[in-house]
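Structure first, then comments.
Residue numbers (my numbering), protein chains in the order written: chain A, 1 to 120; chain B, 121 to 673.
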C-alpha cells in the first residue's frame, strides 16, 4: 500500500511517515504543499492521501478540489489529517468528499490502523 | 378826485411851483383822470413826509379804506405789512450802506435817491386781510428838483401770488413725493441700485454705499461689475436681467473698498419710463452672509455627523471583524498549538513503541511521562476551547431525541479507553429518552464518571443512577471517594477550581471538566450539582428535559 502525505510541516510529515512505515507494509510518499501534492499524486498513484487542511498558498480544500479534477487522482481516497477540531469544520471536510477525518495530535502507534480503517 | 388834487395843492410849500404844477396837472387832466380814476391801480400820493394826500378809487377798492379815512392821517407804511417793512429796511440798509428805518423811508428811500423802484408789498386792508401788490414808487419833485411828495402806484399781485403759492405748493408736494420715494429707497434693508442697460450705475441707496464702501457720487457712473469678486458673473447677471426681465436669488460676493466680503443675493428687474422705453435695471441685494455661514456650519455639522456615522459604522465593522477574528482565533489557537504537539506526541509515541529504534526501560519510563503530559496538554487545549465556545455561545447544540441507553453505552465505552479498569461501574437499564445533544451529554457523563473513578479508592465502585419523570431525567454518578467538603461544593463548578490544588498534578486535569459540564447542562436548560458526605463519597448529578411528545414538537 502507498500513502501520500501532503503537509507543509516537515516534522509532522516525518512523524506520520515513520508511524505508517513502522508496520512494514506501507510505502510513504511526502509532499510539502498542495501543488506539490497534486503533482506527486499523479506521478506516484498512491492508494490513499493524508491531506493537511491548513496550508499556505493552496489549502486542503483547494488541494482536494484539484485532485478531483485530475483524471489520475479523481477517485483516490483522501483522509484529512487536521488540527481543526470544531464540529462544523470537521463536517465541512467530510462534505468536501473526504473518506475520513483524523485529528492531530495522533497516536503514532494507531495511525496506520486508523488510516486503513477509513480506506474503502 | 378834484378834492384830492385840491388837497394836494394846499400842502405844497412853494406857491408859485404849486400853481405851475396845477396848471400842468390840469393841462394833462385827461391822462391824470384816466390814471387816477382807474379802478385797477391803487394810486397813493403823499407829501414829502409820507402823509397820504391822494387815495384814488382803485386804492379804496383794493384796500377797503375810504379816502377820508387816510388823507392827511397816515402814511402808506401804516397800511403795509410791518414785517416786510423791517425786512426791506434791513436789505436796503445793507445794499445802500446806510441805516434806513423800517417805516415810510423803507418804502421810498430808493425813489428819493432817484432810483427806479418797483417791488412787492403787502398792504393790510381795513378788514385786516392782506393784499399783495406790486408797487411802483416815484418821487414827486418841484421845478427845482426838490422832493415834494411820492406817488405809489400799486397793481393787484394776488393772482401772481396765488400762482406762486400754488407753484410753491406743487414744488413742496414734489419735494415731499421725492422725499417719500427717496426714504423708501433709503429705508430699505437691501442695497438698492439702478443701472442703465450697459450696467453703469445710475442710482444707489445708503446700503449700497455701505456694501461697497464707496460714496454715492463714486458709485453713480461706475460699472456695476467693479464691486464684486467675480465681475464676469456680475456682468452676466445684468445681461440675464435684460434678457429675462427678472432675476431672483442671483448670488454674488461684493468686495468693499476695505476688502470686506459680503455674500449677497440679488433680485432684479428691468424698469421703464412712461413710454415703456427701457431705462435699465433695478437691483436689490440682500446680505446673506449670515445665512451662508449658517449653511456652512450646517454643512460642517452634517460632515461631522457623516464622519461620526462613518466612525460608528467603522466601529461596527471593526467589531464584526473582531468577532470574526475571535472565531478565527479559536480555530487558529487550536491549530497552532496542536501542530507542534502533534510532532512532540508523535515523536514520543514512536520512541515508546520502538519504531525509532530500541531504548532502555529507563528511557521508556521518561518517554512515557513526557507522552502522558503531551496528552494532558492536548486535552487541556481542547477543554479551554470547549469552554470558550460554550460560554460565547459558539457551540452549536444539535438537539434531538436521545435514548438514555445509548448515552450510557457510549459513556461506558469511552470510559474503558481511559483505563478505569479498577472501578466497577453499574448502570441501570432505562428505556426512555432525553432531549439534547448526544455528543455533549455523553461528554458530561464521561467527565463525571472519570472524576468519580479518579477519586475512588482502588477496587472502589462507581454507580450511575437514572431517575425519570415526565419533566426531568436525572443522571447521578456516585462514588465512595473522599467526598467534597461543603465549602467547595459550589466552587468546584468554576474554572480551574479543584478541592485540592495538588490534584492537578496527582490526578491530572486542570480543573476545567466540571465547568464544561455545568456549561453544557445549562445550555440544555438543565441543572447540575453535587451531594456529598465528606469522607464518604460524592454524588454528582445533572438533570435534563425528558423527551416527551410535547418536547418533540
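Just so it is clear, CB atoms sit at the ideal spot from N, CA and C, and this is done for glycine as well.
Which one of the options has the shortest CA to CA distance from residue i?
i: residue 598(B); options: 238(B), 652(B), 551(B) and 492(B); result: 652(B)
i: residue 108(A); options: 17(A), 41(A) and 70(A); result: 17(A)
i: residue 171(B); options: 189(B), 158(B), 531(B) and 423(B); result: 189(B)
i: residue 98(A); options: 85(A), 79(A) and 15(A); result: 79(A)
i: residue 459(B); options: 104(A), 3(A) and 114(A); result: 104(A)
i: residue 379(B); options: 303(B), 174(B) and 333(B); result: 333(B)
i: residue 452(B); options: 2(A), 83(A), 94(A) and 3(A); result: 83(A)
i: residue 386(B); options: 395(B), 559(B) and 358(B); result: 358(B)
i: residue 239(B); options: 534(B), 155(B) and 253(B); result: 253(B)
i: residue 602(B); options: 573(B), 584(B), 181(B) and 160(B); result: 573(B)
Can you have a look at residue i and say buried or exposed, based on whether 16 or more other CB atoms are within 10 angstroms of its CB?
i: residue 269(B); result: buried
i: residue 72(A); result: exposed
i: residue 405(B); result: buried
i: residue 662(B); result: buried
i: residue 367(B); result: buried
i: residue 563(B); result: buried
i: residue 524(B); result: buried
i: residue 427(B); result: exposed
i: residue 307(B); result: exposed
i: residue 463(B); result: buried
i: residue 569(B); result: buried
i: residue 153(B); result: exposed
i: residue 132(B); result: Per-residue confidence for residue 132(B) stands at a pLDDT of 46, beneath the threshold of 50, marking its modelled position as unreliable; the derived number appears in the next sentence. Buried.
i: residue 56(A); result: exposed
i: residue 478(B); result: exposed
i: residue 673(B); result: With a pLDDT of only 41 at residue 673(B), under the threshold of 50, the placement of this residue in the model should not be trusted, and no figure is reported.
i: residue 8(A); result: buried
i: residue 429(B); result: exposed
i: residue 312(B); result: buried
i: residue 559(B); result: exposed
i: residue 634(B); result: buried
Specify, as a first and last residue, the run of the alpha helix (DSSP H) that residue i falls within.
i: residue 363(B); result: 351-364
i: residue 689(B); result: This structure cannot settle anything about residue 689(B), because the visible part of chain B is limited to 121 through 673.
i: residue 246(B); result: Residue 246(B) -> no alpha helix (DSSP H), and no H or E assigned at all.
i: residue 639(B); result: 633-643
i: residue 507(B); result: 481-511
i: residue 665(B); result: First-last for residue 665(B): 658-665, but that is the beta strand (DSSP E), not the alpha helix (DSSP H).
i: residue 119(B); result: Outside the displayed span of chain B (121 to 673) sits residue 119(B), for which this structure offers no information.
i: residue 190(B); result: 187-190
How long is the line joining the alpha carbons of residue i and residue j, rounded to whole angstroms?
i: residue 211(B); j: residue 228(B); result: 13 Å
i: residue 495(B); j: residue 480(B); result: 22 Å
i: residue 666(B); j: residue 591(B); result: 5 Å
i: residue 578(B); j: residue 655(B); result: 15 Å
i: residue 403(B); j: residue 287(B); result: 34 Å
i: residue 576(B); j: residue 565(B); result: 16 Å
i: residue 224(B); j: residue 273(B); result: 15 Å
i: residue 631(B); j: residue 76(A); result: 44 Å
i: residue 468(B); j: residue 26(A); result: 21 Å
i: residue 111(A); j: residue 70(A); result: 27 Å
i: residue 264(B); j: residue 232(B); result: 15 Å
i: residue 335(B); j: residue 398(B); result: 26 Å
i: residue 219(B); j: residue 234(B); result: 18 Å
i: residue 454(B); j: residue 497(B); result: 12 Å
i: residue 20(A); j: residue 114(A); result: 10 Å
i: residue 473(B); j: residue 491(B); result: 12 Å
i: residue 41(A); j: residue 89(A); result: 25 Å
i: residue 352(B); j: residue 373(B); result: 12 Å
i: residue 587(B); j: residue 48(A); result: 48 Å
What are the boundary residues of the beta strand (DSSP E) that includes residue i?
i: residue 213(B); result: Residue 213(B) -> not in any beta strand (DSSP E); alpha helix (DSSP H) instead, spanning 202-216.
i: residue 553(B); result: 553-556
i: residue 650(B); result: 647-652
i: residue 269(B); result: 267-276
i: residue 385(B); result: 381-392
i: residue 586(B); result: 581-588
i: residue 4(A); result: 2-6
i: residue 161(B); result: 161-167
i: residue 263(B); result: Neither: residue 263(B) is in no beta strand (DSSP E) and is coded neither H nor E.
i: residue 522(B); result: 520-523
i: residue 400(B); result: 398-407
So which residues on chain D does residue i lean against when the C-beta distance must stay under 9 Å?
i: residue 55(A); result: Within the model displayed, chain D is absent; protein chains A and B are what it includes.
*Could you give the uninterrupted runs of the alpha helix (DSSP H) lying entirely in the region 21-58 of chain A, keeping only those of 4 residues or more?*
34-44
*asked:* Quick check on the DSSP output: what are the complete alpha helix (DSSP H) runs of length 4 or more inside the region 284-354 of chain B, in order along the chain?
replied: 326-332 and 336-339
*Could you name each continuous beta strand (DSSP E) segment of 3 residues or more that falls completely within the region 69-111 of chain A, going from the start of the chain to the end?*
78-82 and 100-103
*Taking only runs that begin and end inside the region 424-483 of chain B, name each unbroken beta strand (DSSP E) of 3 or more residues, in chain order.*
none
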